[in-house]
Amino acid sequence: MTKSKEIAKAINFYDSQYYFNRELSWLEFNRRVLHEALDHRTPLLERLKFTAIFSSNLDEFFMVRVAILKDQVQALLSQRTPDGRTPQEQLEAIAQLLRPMVVEQHHLFEKVLRKEMASHGIHLLNYPDITREQRFYLEELFKQRIFPVLTPLAVDPSHPFPLMANLSLNWAVVVKDPVTGEEKFARVKVPNILPRFIALPKELETQNGKLNHWTGIPIEQVVAHNLDALFPGMIIKEYHLFRLTRKADISVVEEEADDLLLAIQQELRGRHFRGSVVRLEIQPSMPKSVRKMLMQEMELSASDIYEIDGLINLKDLMSFMALPLPELKDKPWTPVIPSRLRHFHQPSNISQLDEAENIFSVIQQNDLLVHHPYESFSASVEQFIAQAARDPQVLAIKMTLYRTSGDSEIVSSLISAAESGKQVAALVELKARFDEENNINWAQKLEKSGVHVVYGLVGLKTHTKIVLVVRQEGERICRYVHIGTGNYNPKTAKLYTDLGLLSCREELGADLTDLFNYLTGYSCQNYYRKLLVSPVTMRDRMIALIRREIEHSQNGEKGRIIAKMNSLVDPQIIATLYEASQAGVEIDLIIRGICCLRPGVPDVSTNIRVISIIGRFLEHSRIFHFHNNGHDEIYIGSADWMPRNLDRRVEAVTPVEDPKILQNLQNILEIMLADNRQAWELKSDGSYVQRHPGKNEPERHTQNILMEMASKS
Numbered sequence: 005m006t007k008s009k010e011i012a013k014a015i016n017f018y019d020s021q022y023y024f025n026r027e028l029s030w031l032e033f034n035r036r037v038l039h040e041a042l043d044h045r046t047p048l049l050e051r052l053k054f055t056a057i058f059s060s061n062l063d064e065f066f067m068v069r070v071a072i073l074k075d076q077v078q079a080l081l082s083q084r085t086p087d088g089r090t091p092q093e094q095l096e097a098i099a100q101l102l103r104p105m106v107v108e109q110h111h112l113f114e115k116v117l118r119k120e121m122a123s124h125g126i127h128l129l130n131y132p133d134i135t136r137e138q139r140f141y142l143e144e145l146f147k148q149r150i151f152p153v154l155t156p157l158a159v160d161p162s163h164p165f166p167l168m169a170n171l172s173l174n175w176a177v178v179v180k181d182p183v184t185g186e187e188k189f190a191r192v193k194v195p196n197i198l199p200r201f202i203a204l205p206k207e208l209e210t211q212n213g214k215l216n217h218w219t220g221i222p223i224e225q226v227v228a229h230n231l232d233a234l235f236p237g238m239i240i241k242e243y244h245l246f247r248l249t250r251k252a253d254i255s256v257v258e259e260e261a262d263d264l265l266l267a268i269q270q271e272l273r274g275r276h277f278r279g280s281v282v283r284l285e286i287q288p289s290m291p292k293s294v295r296k297m298l299m300q301e302m303e304l305s306a307s308d309i310y311e312i313d314g315l316i317n318l319k320d321l322m323s324f325m326a327l328p329l330p331e332l333k334d335k336p337w338t339p340v341i342p343s344r345l346r347h348f349h350q351p352s353n354i355s356q357l358d359e360a361e362n363i364f365s366v367i368q369q370n371d372l373l374v375h376h377p378y379e380s381f382s383a384s385v386e387q388f389i390a391q392a393a394r395d396p397q398v399l400a401i402k403m404t405l406y407r408t409s410g411d412s413e414i415v416s417s418l419i420s421a422a423e424s425g426k427q428v429a430a431l432v433e434l435k436a437r438f439d440e441e442n443n444i445n446w447a448q449k450l451e452k453s454g455v456h457v458v459y460g461l462v463g464l465k466t467h468t469k470i471v472l473v474v475r476q477e478g479e480r481i482c483r484y485v486h487i488g489t490g491n492y493n494p495k496t497a498k499l500y501t502d503l504g505l506l507s508c509r510e511e512l513g514a515d516l517t518d519l520f521n522y523l524t525g526y527s528c529q530n531y532y533r534k535l536l537v538s539p540v541t542m543r544d545r546m547i548a549l550i551r552r553e554i555e556h557s558q559n560g561e562k563g564r565i566i567a568k569m570n571s572l573v574d575p576q577i578i579a580t581l582y583e584a585s586q587a588g589v590e591i592d593l594i595i596r597g598i599c600c601l602r603p604g605v606p607d608v609s610t611n612i613r614v615i616s617i618i619g620r621f622l623e624h625s626r627i628f629h630f631h632n633n634g635h636d637e638i639y640i641g642s643a644d645w646m647p648r649n650l651d652r653r654v655e656a657v658t659p660v661e662d663p664k665i666l667q668n669l670q671n672i673l674e675i676m677l678a679d680n681r682q683a684w685e686l687k688s689d690g691s692y693v694q695r696h697p698g699k700n701e702p703e704r705h706t707q708n709i710l711m712e713m714a715s716k717s
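According to my numbering, the residues represented by the sequence shown are 5 to 717, in order.
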C-alpha cells in the first residue's frame with residue numbers, strides 16, 4: 005500500500021475539523037464586500053454603494069438564514085452542520101463575528117465617508133446643524149408632504165401594540181399628558197414612500213459659504229423635530245429610532261397546494277407582517293424601559309438587539325449613486341457588441357436581412373460564447389430571442405425565467421412570438437426568493453398573450469438558464485440553444501459577470517428538448533447526451549470528473565482542476581476534492597462567496613488553493629475545468645457545488661466543445677488566478693488575505709483586463 009493510500013485510509017474526510025461553517029463563511033464574504041467601502045482606492049460614491057450592499061446583504065441574511073436557525077432552535081432541533089455546530093451555536097457564533105463588523109461599518113460611514121462626502125460638496129446634514137432658513141423650508145415641507153401620510157399609533161390598554169412591517173424604520177415616542185402627568189407610548193412609522201434623504205433646494209444648498217453638489221437631511225430627522233404636530237397639546241418627552249427585521253422566506257407546502265400560484269400570492273400578502281421578528285436595530289441612547297417593552301412585544305432576546313451608533317439602515321446610501329458626479333464613480337463601461345454580431349445589430353426589420361446575416365447563420369458557423377457585462381446582453385441574448393420571435397421560419401421558443409425585469413425586451417419578444425402564432429413556452433419560477441411578486445405579475449401578462457406558462461415543479465426550484473428555439477430550415481428542423489450562467493435580466497446583465505453559450509449542436513438541442521418536456525409535462529428522464537442536469541445526473545457526473553483527475557494523478561499523469569462558482573458547500577464534493585488533493589491533483593478554486601472547504605490542511609488539502617474576487621461586477625459565472633490528461637474539458641452553467649443546486653433545483657451545465665471557446669475560457673480562468681488587486685486568498689484558519697502587487701510587479705486587475713480585452717476585440 006502506498007503512503008498516500010495509507011493516509012487516505014486513516015483520514016475521515018467528513019470530520020468536522022475539515023469544514024468551515026456556511027453562515028460564518030457567508031459573513032466573511034460580506035466582510036470582503038465591506039472592504040471595498042473601506043478601501044481608499046475605491047471611488048467615493050462606489051464606497052457608499054458597497055456600504056449599502058453590505059447592509060442589503062445583511063437584511064436578506066437575517067430574513068432567511070438567521071430566521072431558519074431561530075426556527076430550528078425553537079423547534080428544539082440539535083442537528084449539527086458539517087463543521088459540528090448546532091443551530092444555537094451557529095447563532096452565537098454569528099453574533100460574535102457580526103457585531104464588530106457592524107460597528108466597523110458605521111464608524112466608516114460616520115467618521116470617514118461623511119467627511120469625504122462633505123469635502124466633495126455632498127452634505128448629509130443632521131438637524132441641529134442646519135441653518136434657520138433650511139429649518140423653515142423643512143418645516144413647510146413637513147406640513148405639506150410628510151405630515152399628511154404619518155399615522156401616530158398609541159399603545160395602551162385600548163390600543164394594542166401595532167403590527168409593524170418588515171424593514172420598517174420607526175420612532176418610539178414617549179409623550180406626557182400635561183394635565184394628568186401620565187406618560188404614554190406611541191409609534192410613528194417613517195414613511196418609505198418618500199425619499200429617505202430630503203434634498204434641499206439649490207438656493208439653500210450653501211454650506212460653509214460654498215455652493216455644493218447636494219445638500220440634504222434624513223427624513224426621519226425631519227419627522228422627529230416636528231413630532232409636536234402629531235401630538236398636539238402633549239409634551240414630547242423622548243423619541244428613539246428603531247428598525248425591525250422579520251423572517252421573510254415563503255413557506256408553501258407545495259404538495260398540499262391545489263394552485264401554487266394562488267398559494268404563493270396568499271403568502272406574499274402577509275410576508276411583510278406575518279414573519280417573526282429576528283433582529284431589532286436601535287440607537288444606543290434608547291433607555292432600558294423602551295428597549296424592554298419592544299423586546300417583550302416582539303418576543304426578542306438581548307442577542308437579537310443590534311445597537312447602531314449613527315444612521316440606521318445604510319442600505320439607502322445607494323441613492324447617492326444617482327448623483328451626476330462621474331469623477332466620484334468607476335469609469336463608465338459600455339458593453340461591446342460581440343464581433344460576430346456587429347453587422348446586423350438591432351435591424352429595423354428582420355426581413356431586410358438575407359440568410360447570411362441573421363443570428364442563426366452565425367451560430368451555424370460556430371458556437372458563440374458571450375461574456376457579460378464585457379459583451380452586450382441586449383445585442384446577443386436579447387437579439388437571439390427577438391430575431392426568433394420575428395423570424396417566420398421559427399416554429400417554437402421555449403425558455404426558463406428565474407429572475408427578469410418586467411420591462412425586458414425578452415418578455416416583449418415572447419409576447420410578440422405568441423401573438424404571431426408561434427408555440428411559446430415559458431417556465432416561470434414562482435419561488436425565486438424576493439422576486440415572487442414580480443414574477444407573478446409578468447407571468448400573468450405572458451399568459452394573457454397566449455404564452456404557455458408553467459409555474460415550476462413541485463419540490464424543486466427551476467434555476468437553470470436555458471432557451472430552445474426550433475426553426476424550419478428547408479426540409480429539416482434545426483434547434484438553437486442558449487445555455488447560460490445568469491438570469492435573463494438586462495439590468496443585472498450590466499452588473500453581474502456571466503457567460504452564455506449559443507449553439508446549434510444537435511445533441512444539445514435534443515437534450516434541451518428532453519429537459520423542457522420534463523419541466524412542462526410528465527417525464528422520468530434520467531439520461532442526457534451532453535448536459536449535466538440536476539437533480540438527475542449532475543452530482544454523480546461532477547464526482548466522476550473529479551475522480552478521473554485522481555486516476556490520472558495516480559497513474560503518474562497530470563491531475564488538474566480549476567473551478568469557479570459562487571459557493572462551495574456540498575460535503576460530498578468537498579470530501580472528493582480532499583481525496584483528489586491527497587492523490588496529487590492540483591486544484592484552484594475561485595469562490596466568490598461561501599466556501600466550506602478548508603484549504604492548506606496538511607495531508608488533506610495541501611494541493612487546494614481558494615481565492616475570492618470582489619469588485620465592481622458581481623462574479624456570478626460558473627466554470628468547471630478538468631485537465632483530463634491534456635484533453636481539457638470545460639463546463640459552464642447555472643449550478644454551484646451546493647446541496648440545493650445538486651439535489652433540490654433543476655440546473656443545467658453544458659460542456660464547451662469549440663476549441664476557440666475552450667481556450668477563451670481557460671484564458672479567463674488564468675487571468676482571475678493571477679489577480680493581485682481584487683483577489684483574496686482563503687487561509688486554513690478561515691481568514692482571507694487580500695493580494696497586493698509585489699515590488700516592481702504590475703497590477704493585475706481581472707475586471708480591468710477583461711474590459712480592455714473586450715474593447716480591443
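For each residue, glycine too, the CB sits at the ideal point set by N, CA and C. Please read all numbers here as calculations on a predicted model, not as lab measurements.
1. Anyone know if the C-beta pair for Lys193 and Val179 falls short of 8 angstroms?
2. Cys482 to Ala393, Cα distance in whole Å?
3. Is DSSP giving Asn668 helix, strand or coil here?
4. Can you have a look at Pro663 and say buried or exposed, based on whether 16 or more other CB atoms are within 10 angstroms of its CB?
5. Please confirm whether Gln287 and Leu234 have their CB atoms less than 8 angstroms apart.
6. Per DSSP, what are the beta-bridge partners of Met403 in this structure?
7. In three-state terms, what does DSSP make of Phe246?
8. Name the two residues that bound the continuous alpha helix (DSSP H) containing Trp30.
9. Alpha carbon to alpha carbon, how far is Val70 from Leu506?
10. In three-state DSSP terms, what is Val732?
11. Let me know if Phe140 comes out buried or exposed under the rule of 16 or more other beta-carbons within 10 Å of its beta-carbon.
12. Let me check understanding here. Comparing Cα to Cα, which of Ile197, Ala203, Ala97 lies closest to Asn130?
13. Three or more C-beta pairs closer than 8 angstroms, one from the region 528-543 and one from the region 651-658: is that the case here?
14. Return the CA-CA distance between Val116 and Pro47, expressed in angstroms with no decimal places.
15. Between which two residues does the alpha helix (DSSP H) containing His110 stretch?
16. Is Pro152 helix, strand or coil by DSSP?
17. With distances taken Cα to Cα, identify the nearest neighbour of Thr249 among Thr219, Ile221, Val282.
18. Taking the CB atoms as reference points, tell me whether Asn570 and His624 lie closer together than 8 angstroms.
19. Please list the terminal residues of the continuous beta strand (DSSP E) segment that includes Val458.
20. Apart from the five residues just before and just after Leu154, which ones in its own chain have a Cβ nearer than 8 angstroms to its Cβ?
21. Can you grab the Cα-Cα spacing for the pair Pro182 / Leu157, in whole Å?
22. When we look at the beta-carbon of Asp263 and count the other beta-carbons within 10 Å, is it buried (16 or more) or exposed?
23. With DSSP as the reference, identify every bridge partner of Val657, one or two as the case may be.
24. Beta carbon of Val465, beta carbon of Tyr492: below 8 angstroms?
25. Note down the Cα distance separating Val398 from Lys426, rounded to an integer number of angstroms.
26. Can you check the region 117-188 for any alpha helix (DSSP H) of at least 4 residues that lies completely inside it and give the ranges in chain order?
27. Can you tell me which of Met238, Lys74, Arg136, Asn559 puts its alpha carbon nearest to the alpha carbon of Glu186?
28. The alpha helix (DSSP H) spanning Glu712 covers which residue range?
29. Compute the distance between the beta-carbons of Leu673 and Ile591, then report whether it is under 8 angstroms.
30. Let me know the secondary structure DSSP gives Ile547 once reduced to three states.
31. Starting from Gln682, trace the alpha helix (DSSP H) both ways and give me its first and last residue.
32. Helix, strand or coil for Gly463, going by three-state DSSP, please let me know.
33. Which residues in the same chain as Gly454 place their Cβ atom closer than 6 angstroms to its Cβ, once the five residues preceding and following it in sequence are excluded?
34. In chain order, what residues of the same chain lie with their CB nearer than 6 angstroms to the CB of Ser172, ignoring the 5 residues before and after it?
35. With DSSP as the reference, label Met542 as helix, strand or coil.
36. Cα-Cα, which of Ile363, Ala390, Leu581 is closest to Ser424?
Reading it off the structure:
1. no
2. 15 angstroms
3. helix
4. exposed
5. no
6. Ala430, Val471
7. strand
8. 26-42
9. 40 angstroms
10. In this structure the chain extends from 5 to 717, so residue 732 is not present and cannot be described.
11. exposed
12. Ala203
13. yes
14. 13 angstroms
15. 91-111
16. helix
17. Val282
18. yes
19. 456-458
20. Val192, Lys193, Pro195, Val227, Leu234
21. 19 angstroms
22. Only weak support exists for where Asp263 lies, its pLDDT of 48 falling under 50; the value from the coordinates is given anyway. Counting Cβ neighbours within 10 Å, Asp263 comes out exposed, since fewer than 16 surround it.
23. Leu536, Gly641
24. Here residue 465 turns out to be Lys, not Val, going by the sequence shown. Cβ atoms of Lys465 and Tyr492: not closer than 8 angstroms.
25. 7 angstroms
26. 118-123, 136-145
27. Met238
28. 706-716
29. no
30. helix
31. No alpha helix (DSSP H) holds Gln682; DSSP gives it neither H nor E.
32. coil
33. Ala422
34. Lys193
35. helix
36. Ala390
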